[in-house]
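Position in the sequence shown counted from 1, then plus 622, gives you this note's numbering. In what follows, a structure is listed as structure tokens, so that the remarks can point back to it.
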Amino acid sequence: MDTKDIQFMITKELASKVVSALPDEQKNMIIADAVRDILARETMSSDYKISVMLRDYALDYAREYAQTPEIQEELRKQAHKAVDDVLQGILKNIGRAIENDIKNNYTRILSEKHYGE
């Protein structure tokens, strides 16, 4: 037995003596508060467990649903669309860069002095 166990037993014994010496009304209030606190702790713990259980169930269902052939085909279509959109964006940027380069060179070509002039 360590010090914490002894302290707990002493505290428990003192609390028991103090509560037994109180009038019945105060004793009932203390007991009711203690029961309420215990239930609140248990409820919070069970709420957390329930939410974890529901989340896990939803994820399992989503995994199963995602494995169906229709959903797999839809996911493939969405992936192809996303890749096409990215490639279109890249092509537009390359086109703009080429266009800007041509504009810059065109201005330079027009502004340069030529020997025939």
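For every residue, glycine included, the Cβ atom is placed at its ideal position computed from N, Cα and C.
| said: For a test of the three-state rule: what should DSSP assign to T633, helix, strand or coil? | reply: helix
With H, G and I counted as helix, E and B as strand and the rest as coil, what does DSSP make of Q694? helix
- Query: Does DSSP classify Q648 as helix, strand or coil?
  - Reply: helix
* Using the C-alpha atoms, what's the distance from Y670 back to T633? -> 31 angstroms
*So, V657 versus K649, is the Cβ gap smaller than 8 angstroms?*
no
Go ahead and pull the three-state DSSP assignment for D624. coil
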